[in-house]
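In the numbering used here, the protein residues as written are 159 to 376.
Quick reminder that beta carbons are idealized off the backbone N, C-alpha and C, glycines included.
Only one structure is covered here, and it is reproduced in the block below.
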Amino acid sequence: MDHEGAVKSQAVERYLLGDMPAASQEDFAAHFFSCSECAEDLKMTSLFLDVTRTVIKEDKGVGQAFIKKSALSRWRSARYAIAASVACLSFMLYQNLIVIPRLKTAAAPQAVEVFPMTNAASRGGEQTAISPVPGKPFLLLVDIPPHDERYRIRFVISNAAGVEVFADEVPDKIAQNTVPFLISPWILVRGEYSLQILGRSEEKDPFTTVARYSFHVN
């Protein structure tokens with residue numbers, strides 16, 4: 159799946175709404191890791207759906223309470239419902255005039271910094287140092303060393319205290335050479351980190367270490 163195909167098939171919306179076959183989900187996940195535009199679109203669409211669900215849930219609560227009111231209180235509730243409708247309309251106007259344009263601006267294609275993680279770090283060579291622009295996402299290109307065929311490959315980034323701050327999995331067929339990860343700016347702050355690559359031959363098997371990188375975020 160390429161970016162044009164993902165846009166034409168509305169892959170982001172179908173993926174979030176659960177309207178995508180399992181095989182297509184795996185293809186989209188593989189594309190998602192290498193496409194910053196789809197990654198941003200997925201994040202923004204997910205945020206929009208969360209807000210929409212919250213508004214609908216609150217609206218249902220108002221409707222249920224309205225049914226249980228007495229005849230005298232129904233008029234009072236009706237006034238509240240009208241006020242709620244006005245507030246909802248105001249929210250929709252705010253969303254369309256301010257929020258959505260800002261989200262589109264944020265999701266517009268931008269230059270993304272790229273930082274490679276090479277085999278030298280896993281062999282005990284000089285520690286890799288990266289200097290991402292504060293507040294900006296960046297791509298981490300993880301170099302996968304030669305390994306036996308595995309069912310799944312797992313990537314785990316931990317800080318100096320050993321706390322896991324990032325984790326993801328991909329099918330082994332995707333993790334043959336280099337795997338890109340779009341890293342949000344708030345995940346990795348200044349400090350020392352380790353990136354562990356693990357794999358398992360079958361779904362029921364435990365993960366074992368394939369490689370380990372150490373790096374520093376300036």
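Closest to residue i by CA distance: which of the options is it?
i	options	result
D185	P303, G163, W344 and E322	G163
T276	G293, P295 and S352	S352
I302	K294, F313 and F296	F313
F339	V347, L298, E327 and E271	L298
E271	D306, F296 and H305	F296
H305	E195, K331 and R172	K331
D326	A318, N335 and I341	I341
G293	S182, L346 and N335	L346
Mapping the DSSP letters down to three states, classify residue i as helix, strand or coil.
i	result
R172	helix
S352	strand
S316	strand
G293	coil
D306	coil
D330	coil
D185	helix
Between residue i and the rest of its own chain, which residues show a CB-CB distance below 8 Å, the 5 nearest in sequence each way excluded?
i	result
W344	none
S372	A279, Q285, T286, E350, Y351, S352 and L353
N376	A287, I288, S289 and R348
R370	S280, S352, L353, Q354 and I355
A318	G349, E350 and Y351
N335	D301 and I302
Taking 7 Å as the limit between beta carbons, can you name the residues of its chain near residue i, skipping five residues before and five after?
i	result
Q168	none
H374	Q285, A287 and E350
L230	For L230, the pLDDT reaches just 49, beneath the cut-off of 50, and the residue's location in the model is therefore unreliable, leaving the point undetermined.
Go to residue i, then tell me how far its beta strand (DSSP E) extends in each direction, as first and last residue.
i	result
S372	T366 to V375
D363	First-last for D363: undefined, no H or E at that position.
V337	T336 to I341
V381	Since the first and last residues shown for the chain are 159 and 376, residue 381 lies out of range.
I345	From DSSP, I345 is part of no beta strand (DSSP E); its letter is neither H nor E.
Note down, in chain order, each residue of its chain lying with its Cβ closer than 6 Å to the Cβ of residue i, except the 5 sequence neighbours on either side.
i	result
S316	E322 and S352
G357	R308, I311 and V368
V300	M275 and V337
P329	none
* To do: Decide yes or no for the touch test of the segment 317-324 against the segment 365-372: beta carbon pairs closer than 8 Å, at least 3 of them.
  => no
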